[in-house]
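Visitor: For the record, the sequence lines run as chains A and B.
Using my numbering, you'd call the opening residue of the first sequence number 1 and step up by one each time.
Using my numbering, you'd call the opening residue of the second sequence number 1001 and step up by one each time.
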Amino acid sequence: MAWMIIFMIVPLLLIAVFAFTTTVPCDRDGNRLDEEEAAEIIAEEQAYWEENEIPLDERESAVVEKTIFTVQNILEVNKYMPTMLNSIWMALVATLICLLIGYPLAFMISRMHFVSQKMMLMLVMLPMWMNFLLRTYAWMTLLERNGLINRFFGLFGIGPFEMINTQGAVILGMIYNYLPYMILPLYSVMTKIDNTTIEAAQDLGAGRFNVLGRIIVPLSAPGITSGITAVFIPSVSTFIISRMLGGGTNMLIGDLIDLQFLGNAYNPNLGSAISLVLMVFILLCMSITNAFDNEDKEGGMLL
Amino acid sequence: MMKRVFALLLITLTLLVLVCPISAEDELPAYSTDYDWDRLADQNITLNVYNWGEYISVDDGEEDAFDTIAEFEALTGIKVNYTNFASNEELYAKLKNGGSSYDIIIPSEYMVARMINEGMLEMLNLENIPNIRHLDPSFVGLEHDPNNRYSVAYMWGTVGIIYNKTLVDEEDDVETWDILWNEKYANDILMFSNSRDAFGIALKKLGYSYNTTDEAELNAAAEALKEQKLLVQAYVMDEIFDKMGGGEAALAPYYAGDAITMIAENPDLAFAVPREGTNLFVDSMCIPKGAKNKEAAEIFINFMCEPKVGVYNCYYIGYSTPSATVKEYLDAEIVEDPIAYPAQEVLDKAEVYLALPEATTKLIDNLWTEVLGTAGSSPWMVPAMMLGCIGASLGINLWRARKKRRNGQ
């Protein structure tokens, strides 16, 4: 429990504190100063110190920084809404495609012989043992204009195609990197669906689509929701993929947060505010999926 | 047990001392003899050095390799803990957050200026750094630190345009920033992904100063960058080595020292410095405030200014040296290379980045996100989306509750 508090609650609180505060210049009595006023005073002091060669530890500025409460950061996030919507949209597309690819694959794996199951799972996880950056970097060499794929097409006189530096490439990067997070929870739920359940449904006259819609999907609903969560959240906040595969022309919300911390204008307050708003959005999205989850579970029970 | 460990250590140390000086160094001057190098040897000091990646000579297994850190450790008895950073901004964020303690940092001049302004640097005791005399007078007392109270220049360079001779028309004038706006090369242009350098280029193209604080000029630069975005293939930093090396793009602005490395790998590439003037950057060694081993750090700075060390570092890094003495010992081929040591008229027109007021940095970053981000915005979007999400969530839950009740009946 103590660990939970240290590693989960404290960082969250820190982000919240940063998001709702800002530092403003004040004089020694705690009165707020204008930005320009403060800059003038500092410049004067600096000149005075330089002239009289006052050692560093004796320099005491008349301007001090004070942390105050503000909602300005949160309001400023407004400006970055289109970027955020774009990120959410791309993450949604990536999640959907992951689900479409992952669902049948997970089902197929779960119906296999025990030994082949282990083998297939291993193959799914194998790319994850490689470093994330390296995997994305590999896609760069594949998709480039003089990359492997275009050179292959070139052999037949087709192309070259513009593949890198597009939104599609970014989504591809997300899918490739996060697909295992979709397959694994789906698989673990699906192995628990007994073949006899499916056979029973078929005996009672259910067709292929009925079996899928009324047996398999409801029973695997918890896997679907946790899979969606596990893919959507990292996709929405990813920051290096768009730079490597998207050419940096389509900034995602993760890049924006990165810029607030490692950019020219070091502004952790705004960065925290953006992450906080993003967190609220994700929370709301999750509550919607959870609602479906419970619904399906109850439906499953009623059946 | 302790004895054995000590003996082992002694053997390694002796070996180090024996092995290191073997590399050919007949022409290079020895370390200064009038300097007390090992005065802190018995204090068991570990010096934390924080530098750019690939920015010091290391033993890369080639003939004549020079391991700067090992040499320093052997000479002074001070241990070095060497770590890397990727950008000035990263360094700044690390120091500002606190928590980590460094004794030596090597930021670029505008970051040095900013750190001086914010009282983040320790004043140097130049008596401990007599080797500063080797520096070329034009690199002593630079604008951002007029009396070298806080920084000693380490390497310098200029920004220019790297272009692929096979992809760029010979008739096109590459000695101007305008070529990066030439529609003929749409999708063949790479651009800096850091805001300061990107804005710098746009400002110079428009004929303004790098250090302008004028809002109208900065807005104009942002407009120019937005216009250029349609032609830009990608915004990059170090990815440029791969992309230019592999012939992925035709034109890219980058640092001269790295251009030399790229040209060595891909002879189709060439480098041009635009007439409008360019950026001159100087990376300097500083001691951050609160450094635990200030005197040891000063010994380190003095060591880095040694001509022999400077020569090896120059060969390894490929950037230009601010030291007049080092330049004398370099191969004529390098000293005469106009990429590394451009003509005086280029340098006269070059401008150094200065620390900008906070309001300006914020404005630049805002404009930069505007350039890169998705366009279009309205103030009610956040509340509307929040309401939409809450509404959807509530709706589903209510519907569920109703259905449950009905089923219960």
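Glycine residues also receive a C-beta, built at the ideal position from the N, C-alpha and C atoms.
Can Met244 (chain A) and Thr136 (chain A) be called in contact, C-beta distance under 8 Å?
Guide: Contact: yes.
Visitor: Taking the Cβ atom as the reference point for each residue, do Asp1136 (chain B) and Leu1167 (chain B) lie within a distance shorter than 8 Å?
Guide: Contact: no.
Visitor: In the DSSP output, which residue or residues are listed as bridge partners for Pro1288 (chain B)?
Guide: B:Leu1121.
Visitor: Measure the alpha-carbon distance for Gly1373 (chain B) versus Ala1250 (chain B) and round it to whole angstroms.
Guide: Distance between the alpha carbons of Gly1373 (chain B) and Ala1250 (chain B) is about 25 Å.
Visitor: Roughly how many angstroms separate the alpha carbons of Ala2 (chain A) and Thr22 (chain A), rounded to a whole number?
Guide: Rounded to whole angstroms, Ala2 (chain A) to Thr22 (chain A) spans 30 Å at the Cα level.
Visitor: Mind checking the segment 250-261 of chain A against chain B and listing, in chain order, the residues whose C-beta falls within less than 7 Å of any C-beta there?
Guide: Per Cβ criterion, the list reads Met251, Leu256, Leu259, Phe261.
Visitor: With which residues is Pro326 (chain A) paired in a DSSP beta bridge?
Guide: Lying before the first or after the last residue shown, residue 326 (chain A) is absent from chain A, which here runs from 1 to 303.
Visitor: Of all the CB atoms in chain A, is at least one closer than 8 Å to the CB of Gly1246 (chain B)?
Guide: Taking Cβ atoms only, chain A reaches closer than 8 Å to Gly1246 (chain B), which makes this a yes.
Visitor: Suppose you measure from the CA of Met1123 (chain B) to the CA of Gly1290 (chain B); what does that come to, to the nearest Å?
Guide: C-alpha separation (whole angstroms): 11 Å.
Visitor: What does Lys1096 (chain B) reach in chain A if we use C-beta pairs closer than 7 Å?
Guide: The contacting residues are Tyr266.
Visitor: Beta-carbon within less than 6 Å of Ser193 (chain A)'s beta-carbon, same chain only, minus the 5 sequence neighbours each way: which residues are those?
Guide: The displayed chain sequence assigns Ile, not Ser, to residue 193 (chain A). The answer, listed in chain order, is Leu219.
Visitor: Look up Ala1234 (chain B) in the DSSP assignment and say whether it is helix, strand or coil.
Guide: It is a strand residue.
Visitor: Could you tell me the distance, in whole angstroms, from the CA atom of Asn267 (chain A) to the CA atom of Gln260 (chain A)?
Guide: Distance between the alpha carbons of Asn267 (chain A) and Gln260 (chain A) is about 5 Å.
Visitor: Would Leu1040 (chain B) and Ile1287 (chain B) be called neighbours here (beta carbons separated by less than 8 Å)?
Guide: The answer is no: Cβ separation not under 8 Å.
Visitor: Does Gln1233 (chain B) pass the burial test, meaning 16 or more other C-beta atoms within 10 Å, or should it be called exposed?
Guide: Under this definition Gln1233 (chain B) is a buried residue.
Visitor: Mapping the DSSP letters down to three states, classify Gly1157 (chain B) as helix, strand or coil.
Guide: Gly1157 (chain B) falls in the strand class under three-state DSSP.
Visitor: In the DSSP assignment, find the beta strand (DSSP E) that holds Cys26 (chain A) and state where it starts and stops.
Guide: Cys26 (chain A) -> beta strand (DSSP E) spans 21-27.
Visitor: Buried or exposed, going by whether 16 or more other CB atoms sit within 10 Å of the CB of Lys1403 (chain B)?
Guide: Lys1403 (chain B) is exposed by the Cβ-count criterion.
Visitor: For Gly1247 (chain B), which residues in the same chain have their Cβ closer than 8 Å to its Cβ, ignoring the five residues on either side in sequence?
Guide: Answer for Gly1247 (chain B): Asn1164, Thr1166, Leu1167, Asn1266, Asp1268, listed in chain order.
Visitor: Measure the C-alpha to C-alpha separation of Leu100 (chain A) and Glu76 (chain A) and round it to an integer number of angstroms.
Guide: Rounded to the nearest angstrom, the two C-alpha atoms are 37 Å apart.
Visitor: Three-state secondary structure (DSSP) at Pro268 (chain A)?
Guide: Reduced to three states, the DSSP call for Pro268 (chain A) is helix.
Visitor: Against Pro1357 (chain B), what residues of chain A qualify as contacts under a CB-to-CB distance less than 8 Å, listed in chain order?
Guide: Within chain A, the residues near Pro1357 (chain B) are Ala39.
Visitor: First and last residue of the alpha helix (DSSP H) that includes Val1168 (chain B)?
Guide: That residue, Val1168 (chain B), is in no alpha helix (DSSP H); it is neither H nor E in DSSP.
Visitor: Distance cutoff 8 Å, beta carbons only. Does Gly247 (chain A) sit that close to anything in chain B?
Guide: Interface residue, yes.
Visitor: Do Pro1322 (chain B) and Phe1139 (chain B) have their CB atoms nearer than 8 Å?
Guide: In contact: Pro1322 (chain B) and Phe1139 (chain B) (Cβ atoms closer than 8 Å).
Visitor: Specify, as a first and last residue, the run of the beta strand (DSSP E) that Pro82 (chain A) falls within.
Guide: That residue, Pro82 (chain A), is in no beta strand (DSSP E); its alpha helix (DSSP H) goes 81-110.
Visitor: Below 7 Å on C-beta distance, what does Gly263 (chain A) contact in chain B?
Guide: Those within 7 Å of Gly263 (chain A) in chain B are Glu1089, Ser1195, Asp1365.
Visitor: Measuring only the C-alpha atoms, how far is Ile304 (chain A) from Tyr1031 (chain B)?
Guide: With chain A covering 1 to 303 only, the question about residue 304 (chain A) has no answer from this structure.
Visitor: Any Cβ of chain B within less than 8 Å of the Cβ of Asn150 (chain A)?
Guide: So, not an interface residue.
Visitor: Using only alpha-carbon positions, find the residue among A:Asp255, A:Ile42, A:Tyr176, A:Thr67 that is nearest to Ser242 (chain A).
Guide: It is A:Asp255 whose Cα lies nearest to the Cα of Ser242 (chain A).
Visitor: Is any beta-carbon of chain B found at less than 8 Å from that of Arg145 (chain A)?
Guide: Judged by the 8 Å Cβ criterion, Arg145 (chain A) is in contact with chain B.
Visitor: Just curious, the beta strand (DSSP E) that Val1049 (chain B) is in, first and last residue?
Guide: Its beta strand (DSSP E) spans residues 1046-1052.
Visitor: Are the C-beta atoms of Asn31 (chain A) and some chain B residue less than 8 Å apart?
Guide: By this cut-off, Asn31 (chain A) is not an interface position.
Visitor: Below 8 Å, how does it come out for the segment 1361-1369 of chain B and the segment 1207-1226 of chain B: are there three or more Cβ pairs, yes or no?
Guide: Result yes; three or more Cβ-Cβ pairs closer than 8 Å.
Visitor: Buried or exposed for Asn1293 (chain B), please, with buried defined as at least 16 other CB atoms from any protein chain shown within 10 angstroms of its CB.
Guide: Per the 10 Å Cβ criterion, buried.
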